[in-house]
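Protein chains in written order, with this note's numbering: chain F, 28 to 375; chain V, 1135 to 1774; chain P, 1411 to 1689. A short write-up of the structure that comes next.
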Amino acid sequence: MTQPQADAGPDAGGRTLARLLRSFPRPPYWLYRVLQIVPVVFLIITINFFLLRLAPGDIADVMAGEAGAYSVEFTEKLRQDFGLDRPLLTQYVTYVGKVLQLDLGWSHRNAQTVLSLVLERLSATAVLVLTAIFIAAVLGSALGTIAALTRSRFVDSLISAIATMGFATPLFWLGLMLIVVFSVQLQWLPSSGMYEIGSRATGWDAVTERIRHLALPVACLAAYYLAIYTRLMRTNVSELKHQDFVRTARAKGASPARTVFRHILPNAMLGLITLTGLQFGALFSGSVTIEAVFGWPGLGQLALSAVTARDYNLLLGILFISSLFVLLVNLVTDLSYAWLDPRVELSQ
Amino acid sequence: MTFSWNTASLAVDASTDAAPGIVHAAHEVAPSKSVLDVQGLTTAFRAAGGWRDVVKGIGFSVGENETVAIVGESGSGKSVTALSVMRLLDGSSSRSAGKILLQGKDLLSLSERRMQQIRGNDVAMIFQEPMSTLNPVLSIGAQIGEALLLHRNLSRDAIKAETLRLLDRVRIPSARQRFDEYPHQLSGGMRQRVVIAMALACQPKLLIADEPTTALDVTIQAEILDLVAEVQRDIRSSVLFITHDMGVVAEIADRTIVMLDGRIVEHGRTAELFKAPQHVYTRRLLAAVPRLGSMEGLQRPARFPTVDPITGALGPTAEVVDTVAAAHPPLLEVRNLVMRFRSAGGLLTKAQGRVHAVENVSFIVNAGETLALVGESGCGKSTTGRSIVGLAKPNAGQVLIEGTDVLAGPAAATRPLRNQIQMIFQDPYGSLNPRMNVGDAIAEPIIVHRHARKSEARDEAVELLRLVGLSPDMAARYPHEFSGGQRQRVCIARALALKPRLIIADEAVSALDVSIKAQVVNLLLDLQESLKTAFLFISHDIAVVERVSHRIAVMYRGEIVEIGPRSAVLGNPQHPYTRQLLAAVPNPDPDLRRAHSLRAPSEPVSTVRPLDYVPPERAYRQVAPDHFVHAEPDETALAA
Amino acid sequence: MIRAARRFLRSGPAAVVGSVILLVVLGAAIGAPLLAPNDPLDIVSMPFVWPGDDATVPLGTDMLGRDIYSGIVHGARVSLEIGFLAGIVTTIVGLIIGAAAGYFGGWIDQTVMRISELFQIMPSLLLTIAIVAVMGSSISNIVFGIAVTGWPQVARLVRAETFRIRSGDFVQAARVMGFAHSRILFRHVLPNVLAPAVVMVSIVAGSAILTESALAFLGLGNPNLVTWGSMIGAGREVLRSEWYMTAIPGAAIFITVLGLSLVGNGLNGLLNPRRNVAA
């Protein structure tokens, strides 16, 4: 229930601005939603700024990078660029301005701009994360639905128990154990990297090689999200199956299968879409340790090397770009939710 | 075919109700040929440690083109009976035994696959909650068409054409446009029409309607009842109507079955059953049913008559002694109360309209008097009550208690005055803190405002429990350990703790079963007599209002359109809306059955007005002493 | 209290198993110096002794000959300390923020919700890594990093509960009776919100233990402490041959977090008043 907005009548002068803003035509939902991300981006930049200020030394030291070619002149120039002699607010504005132009600085260790480094590695992480979430969503929905609909308490308990265990498993440890079993003992799958070193495979062979390398990290990353999806789907479906409209469908003569596929699942899927958006940030987190375990050349690996090199600028650049990525995924899931759920008016 | 009776239930009934000679004597019944014939139906649910019978060996039949009503209070097993016939109960937690013959076929012996072919085709069902009965993510057209898709071998185009025809038949305007709309875009009454269209799709021989009008406003209810009656004539089907409302039964049923605790206690032709109820329970039920017009000749509120538990004889209708004490200034005066807020619209979006929830409402309540605010959902009656106690902040107007405006000035200064007014709510469970025992809940205001010591407050709480008819040892119990009626008594006791002179009862008896409702109403009248408490009785139920009130104010679209003494407003209604409202109230008397007339569906009363709407200046015309009515009826109101 | 405990134990074998696990881990953490007198950093035996081969080092030794059993027992201290500190800090912060947002609504609510969305968008482990990398890897910094990313989850839950309860009839009734905001908040709203918040402590503690172990595994933990995560990190070097060095500490993490989540489930059932109604 929303709090009714008091309206004191035409003489309330202080509301002129709000009134003026309201007098514009109603923006479509998607535009409204896109505009909503602006303050979020600003807040992310702000957090980055303060983390940089917390780092040992000033921004110039950090930007120059302790491990890089450290030159006094260069650092001084940076100090001037960032106006470190000027007040905090000015520094902040300068920083925001630079980030908004996607100028995330220079990584000396890698002799590359932070932006190009991050973009280079983003695709590897994206492949890992997107494959994992796809598998987790499909398999999790199926398992959750079965758990909710089964008459067998044993099957339900088993699926619930597996989900509970999924929440308690450290992902990186699961990865290491999978390596022991599938790479060391059984020697079925490779344990590290995206492809064989010096591989010249082409065409179909290249594809299978890639899939073989993906298998373990994806299985590992998907495991945790499988647990989340299974639990959510089980809750959704067991609530929905007692809904009046499901009983109505049966009263019309719909078969149990039709009731599930036509009436329960479309409603249950809506909750899943929201979850996917919300969990995407967490999934990115998971990929950091997984990449470390499987030597997957993605953003997580890059972040760890940045930590080792004390390249804070690169580290925060990764944080910024990956947050933007998650933000975009959230935008897409929100818009698709609005498109799929007739109750959300796209014009609202 | 005549009724088949389960002899076991007969014997048990006779012993439990100890009503010599009055065991469900069947009024003369002989339906020509039965569509549904239920014999010895027993339905049990899995409970802790075994099976618990909910329906206990009942038998009845429904003849061709006949409407049979099953009435009973919550827990009587009437809905379970309906679901058993449809075989819609969960097979793992329930089981049914006996015979359910639909046109001679025993439904209980059929396979689930065979049953699927029968559901929606030979027998269809309409449910109570039109909001939740429809799938929110499927279009109206798809949901109606589904029954055709399942049972008729038709092309897509033919299904669409037939669906449009069904929408027309249930009088949904602009069917072609509605076809692609979703349930949330329709009002409650419209949704129920869609549900009826869905049930009609395959022209079933039997239509089961489970409380189909309970969630609707009384004017919409009248429309839906008319529609059901017409549709039944049209497709020549039989109707099994499940309801708790004796008024609805009198209105629609050819024959009536009364259920209590899983058994049929009485059945017969509706007119005869109402005229000469045989079973004690039926008598009690009928005595507790508020009926409009039963108060003619009485000036003051009157208690529901009591029924002798043994003989079933009716006690007298006890009129309350005169408690009204008019004074200047009056106990409560509300002056020009206005409550508006924007509908939707945030910082970047333009508001589409303004809700005029309460518009220029004025009235007084005298000490010891009951003023009823009646009207349909969304008319502003609850908002008015909430504004008086400070739960809603009005935009303009005054609330004067004994002449002092409690909206102006600091809250702390007016607190003692505002404590004179307390409130009880519709949902007694929700209005008690689940983590506080009822003794503490009643003692809390005494400790906070009257600075009593804890032990004194507890003693007083116990006294209050006794006053509302509960036993003192219940003080240590928690809300979930009480029944609905008992909880409402606890809420009343708590409201009395500050010794208020006025209690606002916001739909306080609406959620209670008929017989419990009568008991709580009688309690309120007892309290009025002994404590001289005044009531602002907010309710949509005009029949109850007639019994409890001295004066009545009718609200429509945020305004009071008519106000006056109870006998004047109900006996000589002036405003067209008052008349429409009174005409729509079903009368629990089959002889006074309304003629079923088909009307175009009305859209619900809305208080949302365009942003540039300026409320017109209102003047009231005096009809009789104290009886006032809007001089000019609302421009959009009921031109017909 | 005793009745509640009995009901908790009766709520299913899972809750009992969870409680037993937690008690064992807690006992190990408290009694570490007695149970495992060896300092986990001391070299006590030959390197690479497999579990079971030598009764003096029941869980074997690592590549330097340090006692793995000692490491597990002493590691329980770090894990539980961080788990409970982070669980309690995060829950209290989330409880205060969420209750304020839910009770007062309006712009306070709007602001809190926007900020909590922000923290759900920023990949939490990356943010924690950045915080720990920048501020140093002391236990308090790790707890801070976990709390910064964890509070929105608690705040959102508490806000939703508070909102539901605030608009409920019994709070309205309290307002009609003229009770002060503080009385309504502390006597009527918070007792009803506390139950889900208590359950959150165990859930947050579990995820804090997982986060801490991930940090230690990645080499971002305190290098002077032996923790389960750092033991896995060390064992990884010899994963192909001496995999027990990785398997044992990982199993300790898994069992501890599982215990916490089972207890959380049990508490959830116990503290849910709606379940009490049905009972």
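Virtual Cβ for every residue (Gly too), placed ideally from N, Cα, C. None of these values were measured; they are calculated from a predicted model.
| Check | Outcome |
| --- | --- |
| Minimum Cβ-Cβ distance from L1584 (chain P) to chain V less than 9 angstroms | This sequence places Ala at residue 1584 (chain P); Leu is not what is there. Answer yes: the Cβ-Cβ gap between A1584 (chain P) and chain V drops below 9 angstroms somewhere. |
| Candidates F:R277, F:L267, F:S187: closest to Q1250 (chain V) by CA position | F:R277 |
| Short Cβ contact (9 angstroms threshold) for P1544 (chain V) with A1575 (chain V) | no |
| Secondary structure of R1700 (chain V), DSSP reduced to three states | helix |
| Contact list for the segment 1483 to 1510 of chain P against chain F, Cβ threshold 9 angstroms | none |
| Top-ranked residue by Cα proximity to F1559 (chain V), from P:F1580, P:H1591, P:Q1520, P:S1592 | P:F1580 |
| Interface flag, L302 (chain F) vs chain A, CB-CB below 9 angstroms | The structure shown contains no chain A; the protein chains it does contain are F, V and P. |
| DSSP-derived helix/strand/coil call for E1467 (chain V) | strand |
| For A1657 (chain P) and V211 (chain F), the rounded distance between their alpha carbons | 14 angstroms |
| Chain-ordered residues of the segment 1522 to 1540 of chain P with a beta carbon less than 9 angstroms from chain F | R1524, I1525, E1527, L1528, F1529, Q1530, I1531, M1532, P1533, S1534, L1535, L1536, L1537, T1538, I1539, A1540 |
| Inter-residue spacing [alpha-carbon to alpha-carbon] between D1746 (chain V) and G1487 (chain V) | 8 angstroms |
| H1817 (chain V) (DSSP reduced to helix, strand or coil) | With chain V covering 1135 to 1774 only, the question about residue 1817 (chain V) has no answer from this structure. |
| Rounded straight-line distance, which links the Cα of P1447 (chain P) to that of S1455 (chain P) | 14 angstroms |
| Buried or exposed by the 16-neighbour rule on C-beta atoms within 10 Å, applied to H1484 (chain P) | buried |
| Beta-carbon proximity list for L298 (chain F), same chain, < 6 angstroms, skipping 5 on both sides | According to the sequence displayed, residue 298 (chain F) carries Gly and not Leu. Taken in chain order, the residues that qualify are N263. |
| Nearest-angstrom Cα separation, counted from G1431 (chain V) out to V1757 (chain V) | 20 angstroms |
| Minimum length 4: unbroken alpha helix (DSSP H) runs contained in the segment 1573 to 1628 of chain P | 1579 to 1586, 1600 to 1627 |
| Nearest-angstrom beta carbon gap, L1419 (chain V) and M1393 (chain V) [assumed within contact, 8 angstroms] | Actually they do not touch by this definition, with Cβ atoms about 11 angstroms apart. |
| Residue nearest to A153 (chain F) in terms of C-alpha spacing, selected from F:I348, F:S363, F:W366 | F:I348 |
| Buried/exposed call for K1588 (chain V), threshold 16 Cβ in 10 Å | exposed |
| Beta bridge counterpart(s) of G1471 (chain P) as assigned by DSSP | Looking at the sequence itself, residue 1471 (chain P) is Thr, so the reference to Gly does not match. DSSP output for T1471 (chain P) lists P:D1477 as bridge partner(s). |
| Under 9 angstroms between C-beta atoms of T1559 (chain P) and F1589 (chain P) | no |
| Closest by C-alpha distance to V1648 (chain P), when choosing among P:T1637, P:R1576, P:P1457, P:V1488 | P:P1457 |
| Chain V residues whose Cβ lies nearer than 7 angstroms to that of G1588 (chain P) | R1549, R1552, N1553, H1583 |
| Chain-ordered chain P contacts of V1523 (chain V) [CB-CB under 7 angstroms] | V1586 |
| Outcome for D1725 (chain V) when other beta-carbon atoms lying within 10 angstroms are tallied against a minimum of 16 | exposed |
| Residue burial classification, S1149 (chain V) (beta-carbon count within 10 angstroms, cutoff 16) | The predicted model places S1149 (chain V) with a pLDDT of 37, which falls under 50 and marks its position as unreliable; any figure quoted below should be read in that light. So S1149 (chain V) counts as exposed. |
| Rounded distance between the beta-carbons of S1195 (chain V) and V1172 (chain V), thought under 8 angstroms | 7 angstroms |
| A1181 (chain V) versus D1187 (chain V): straight-line alpha-carbon distance, rounded | 10 angstroms |
| Burial state of I1354 (chain V) (16 or more Cβ within 10 Å) | buried |
| Interface residues of the segment 1281 to 1297 of chain V facing chain F [CB-CB below 8 angstroms] | A1281, L1284, H1285 |
| Chain-order list of residues whose beta-carbon lies under 6 angstroms from that of M1655 (chain P) (same chain, five-residue window excluded) | D1472, G1645 |
| Check whether R1576 (chain P) and G1660 (chain P) have beta carbons under 9 angstroms apart | no |
| For S1208 (chain V) and S1218 (chain V), believed in contact at Cβ under 8 angstroms, the rounded distance | S1218 (chain V) to S1208 (chain V), Cβ: 17 angstroms. No contact. |
| For V182 (chain F) and A242 (chain F), the rounded distance between their alpha carbons | 27 angstroms |
| Own chain partners of N1255 (chain V) with C-beta closer than 6 angstroms, once the 5 adjacent residues on each side are dropped | H1285, C1336 |
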